[in-house]
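Data first, discussion second: the structure below is written as structure tokens.
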Amino acid sequence: MEQVDKGLMKKLVDGKISDNDVMEMRRMVKKDHKRFWTYLEVLQEGVSWDENILMRLNDHLYIVSKGNNERVVKCDCGHEYGDFRVNWKLNADLRVRETQEQMDEAYFPAIAAPEASWMEIREYFCPGCTAQLAVEIVPPGYPMIFEALPDLDRFYREYMSRPLNDESIEWFQNKTAEETAKLKMNI
Amino acid sequence: MKTVTEEGVFAEKTLKFKLNQRDKLYSETGHYWGVKELTLKEQDPIRYERFFSRLQSSVFAAREKARFVAASPGGREMGESLWALTTAEGDTLAISLGFISHAAAFPVSIKHMTDNDFEENPGINDGDVFGADDPMTSGAPHPGDTYTLVPIVIEGEVLAWACSVNHIMEAGAPQAGSWPVFTVDTFMDGFVFPPMKTGENLRQAKWWENLWMRRTRAGAMNVLDDKMRLAGCSMIHHSLHEIIKEYGVEYYRQACKEIIEESRRMILDNMRSTMVPGQYEGSCFRISMLKGQQKIWPHADKDELIHVHGVLSVDKKGSLVWDTEGSSRWGYHGFNGYPGGADVALHLQMTTTFAHNVKATGGVNMNVESIYHKGSIYNPDTEFASCANIWAQSMQMECVAGNAIHLSFFMRGYLEEAFAVDDAWEGIQGSGVLDDGTPYGFTNFEWVGGTAMGAYSFKDGMPTAWCSHTQLCNIGNSEEFEYLIPPTHHLGRKLEPGYCGHGKHRGGIGQTAVHWMKETGQRLGVTRGGVATSLTSYVSLGMNGGYPAPGVVTVTAKDTNLDEVFAAGGDTPTTAGELLEYAKEGKITGNVKGWKYDPPEQSMGEDDLWANAAGGSGGWGDPLERDIDAVVEDIRIGQVPEGFAKVMYGVVATKDENDLVILNEPETKAERERLYARRRSESIPAKQWWAEERKKIIEKNMRNELLVMYRKSVCFDGYNKHFKEFWQLDEDFEI
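Chains as they are written, first to last, in numbering that gives the first Met the number 0: chain A, 0 to 186; chain B, 0 to 734.
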């Protein structure tokens, strides 16, 4: 196999691909460079909204271009999380399992569950569709983990040779602290 | 003009010159030894490839034969060994199957010997034998991994090294086995030795054998492994002399540089063609529960939660930078390491991920910059830190990096390569005295050789399927070494139902064993080595809404009624979970205890049990999106209990008297709706949570061990900034 076509890509994204096809993909001598465009095409057809997907972040989340110099995180349900440079988790809903009883529900046998008072289980849900988007198991007081901040302009220009229209060095920076500064102002 | 050293060797041919020149040219040109053109390859590619295949064959042959010359059963059977050929500077040219990432350690030993003028004293001559296992000076992760290095020298010039490493059967520390947990400093790590000459003319000195016999509890086994490593190195030594005779020294010198440069370029290309540049953050935790157990050394008598933090980024060339800032300061426990050993862990992930279709050489190492901050758990600012068991957390560290890479693959569309990366290995160890007075020490590698594979975005992970630390996943067979551990016998060895990270696609189910102690002799003491215990998860982050892999579980049972159970023909437990269940139901009586942390040494007697569950892997995606039929199938095959399926997946199904699973569709629909409603009612906006959680920090409202953990991370400036900016803490705030 030299190139994954759109039909096969859709099967892969939908989880309906055969083990043989997966093996063939893994055996590719070199990964197909055009795969990213096929991936975007399949993903774009799978959502009901029109904004262009720039990057998939998660099973449900995408970085999309809003056209007016905005790049935001958006769920496939349509819910928006704001600027992708801010950890999207700050704009999710959050359930924290902190008692042992609550934590024991997430693992089996229960002794495999993390220990309360040392650790807590944070489950991040989409405010729009209630999908569970992320799970963190960390001690109380641990900063939210910013899983991925892609350098989109560099990727599109240097890796894919198709620079984005609104390129700027401003796009590759972590703005989470600016958001938490605003939160502090509101306390 | 060429200068001549006192030994009559041209200075340009000394190791010191070569190391300096290699680094200078790489730094100036970005190419290995400044090689911009692959001249030999271009001029005569067949000859070039044939030359490389000769090098490669020599190390493959060494591994396949040496293990049958002399070896402990563990050395022979496990994937935990490696043979390699390196350049004079220690950069790997060709590598066998096995412990591949140890290629990161060879240059550390060779640099140490070079910096300490070994060429002058004790001298480096053709066929000399050097050994090492000291983490600080040799790059060994821990003293259980033991290295042999044999120089290939022609006309006074070191041209190459034949290298080998394997995990020995016992390391000679106060705590018996391979991975001591209850250590204070390096003087409790066991038989630790920096690079030293131990033999000449491809033969070890007698004193060396005597040291193994006197300073470890499995001396005979360790001597066999020493012979195994040297036998392989001797074969490589012989082969290389033959190869150089055929091709000539000049060809050899240039071809080595081109091979590594070629490999470096191809690995860089693999990174660029699969990754999305950017920054990826991750972390994991590991408990060190020593309070009450180190009373003789009060400075070590405490419980500590070790924090491992990493940010993976892609540099301007497209190669990777792994910055561990924020990882805990080193401590008086066995979980520290030095940069070489940390790299051996990190490169497990890098080598298998990016060097799968190229010549696997030192070119891998050149494409990954690892940053281990001075004073941290990976770079202690003391020479005396204990490194007895860095693997107990560094395997988690390399999986944090691995998950970052796999998330990047997912973002770019290479879903077939992206899975939750976990490697929750486990090994029991100990020592004893037989009835006849014979003392012994042991390591049980049962769960060292493999784990379950994590879930992909499109399918479940497989059980007992892989191992991040060797391609030679070895699990599930009864191995010869097991019969050399006299008093342990299996009551069960199978998969532990439900034991994985759950998700839309669940992780591979982990494995469990129940060891039954019989004829325990005069004494038997057992402990464990292994990664995160279940007090924490294996890594902090689940993949895309799935739960991360669980930590390792231990269950011990002492003074049991097992004799009576056998006599009555009753059921005996076959998994760690079953043992706890049987105890709860009163089927097994005695002192039964489940451990979410490393148990201190347990004195085991007749009919006592030691059970564990390990190797479960992480899930991917939202569990409420899991296909209902897949949950029903899990119930049918006994891998997910009915009650847990309802709580985790919202699937209501029951097994009837014929073991047929009947799905209750209306109840399942209602249950899933109820679980979604529960999510809504039990969650709050994260911004509201932020304000509440911030108070805990400001008021220091958490257990003291956590405050200490944060202090040992914010003492690094970059992480301090990260922590304070996230919580918007005043500049002068001290946690």
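By construction, the Cβ of each residue, glycine as well, lies at the ideal position given by its N, Cα and C atoms.
- For Tyr718/B, the uninterrupted alpha helix (DSSP H) run begins and ends at Asp716 to Trp726, by DSSP.
- At a cut-off of 8 Å, the C-beta of Asp633/B has no neighbouring C-beta in chain A.
- For Ile696/B, the chain A residues whose Cβ falls inside 7 Å of its Cβ are Gly140, in order along the chain.
- In terms of Cα proximity to Glu156/B, the closest of Gly130/B, Pro173/B, Pro140/B and Asp125/B is Asp125/B.
- At a cut-off of 8 Å between beta carbons, Lys205/B makes no contact with chain A.
- With 16 or more other CB atoms across the displayed protein chains lying within 10 angstroms of its CB, Trp211/B is buried.
- For Pro684/B, at least one C-beta of chain A is nearer than 8 Å to its own C-beta.
- Fewer than three beta-carbon pairs drawn from the stretch 143-162 of chain B and the stretch 300-308 of chain B are found closer than 8 Å, and the two stretches are therefore not classed as touching.
- When DSSP reads this structure, Cys162/B sits in a beta bridge with Ala83/B and Leu148/B.
- Within the same chain, Tyr337 and Glu382 come within 7 Å of Met135/B by CB-CB distance, once the 5 residues on both sides are set aside.
- Residue pairing by DSSP places Asn51/A opposite Ser64/A in a beta bridge.
- Listed as beta-bridge partners of Phe124/A by DSSP are Asp92/A and Gln131/A.
- The criterion of a C-beta distance shorter than 8 Å is not satisfied by Trp178/B and Gln392/B.
- If you compare the alpha carbons of Asp49/A, Phe154/A, Glu119/A and Glu79/A with that of Thr273/B, the shortest gap goes to Phe154/A.
- Under a criterion of Cβ atoms nearer than 8 Å, the residues of chain A adjacent to His721/B are, in order, Pro142.
- By the Cβ criterion, the stretch 478-490 of chain B is in contact with the stretch 62-73 of chain B, since at least three pairs of Cβ atoms, one from each stretch, lie closer than 8 Å.
- About 3 Å separates the CB atoms of Gly138/B and Ala104/B; that is less than 8 Å, so the two are in contact.
- Cβ contact annotation for Met27/A (same chain, cutoff 6 Å, sequence separation greater than five): Met0, in chain order.
- Ranking Pro598/B, Arg671/B, Met365/B and Tyr675/B by CA distance to the CA of Gln292/B puts Pro598/B first.
- Using a CB distance below 8 Å, the part of the stretch 518-552 of chain B facing chain A consists of Ser533, Leu534, Thr535, Ser536, Ser539, Leu540, Gly541, Asn543, Gly544, Gly545, Tyr546, Pro547, Pro549, Gly550 and Val552, ordered along the chain.
- Contact between Val320/B and Tyr279/B is absent: CB atoms are separated by about 11 Å, not below the 8 Å threshold.
- Within the same chain, Cβ atoms closer than 6 Å to the Cβ of Val399/B are found at Gly281, Cys283, Gly309 and Val538, the five residues on either side in sequence being excluded.
- Rounded to the nearest whole angstrom, the CA to CA distance from Ile109/B to Asp49/A is 59 Å.
- The beta carbon of Thr350/B sits closer than 7 Å to the beta carbons of Ile99, Ser100, Ala359 and Val363 from its chain, once the five residues preceding and following it are set aside; these are given in chain order.
- When rounded, the separation of the alpha-carbon atoms in Lys595/B and Gly550/B is 8 Å.
- Rounded to whole angstroms, Glu118/B and Asp90/B show a C-alpha spacing of 18 Å.
- Secondary structure at Arg673/B: helix, using DSSP grouped into helix, strand and coil.
- Under the three-state reduction of DSSP, Tyr106/A is assigned to coil, being neither helix nor strand.
- Going by DSSP, Arg34/A is part of the alpha helix (DSSP H) stretching over Arg34 to Glu44.
- For Lys12/B, there is no enclosing alpha helix (DSSP H), as DSSP gives it neither H nor E.
- Here Ala344/B is not near Glu425/B, since their CB atoms are 8 Å or more apart.
- Close partners of His32/A in chain B (Cβ separation under 7 Å): Ser272.
- Closer than 7 Å at the C-beta level to chain A, one finds no residue of the stretch 309-342 of chain B.
- The three-state reading of DSSP puts Asp184/B in strand, counting E and B together.
- Contact between Val660/B and Ala652/B holds, since their C-beta atoms are separated by about 5 Å, short of 8 Å.
- At the C-beta level, Thr553/B and Gly176/B stay beyond 8 Å of one another.
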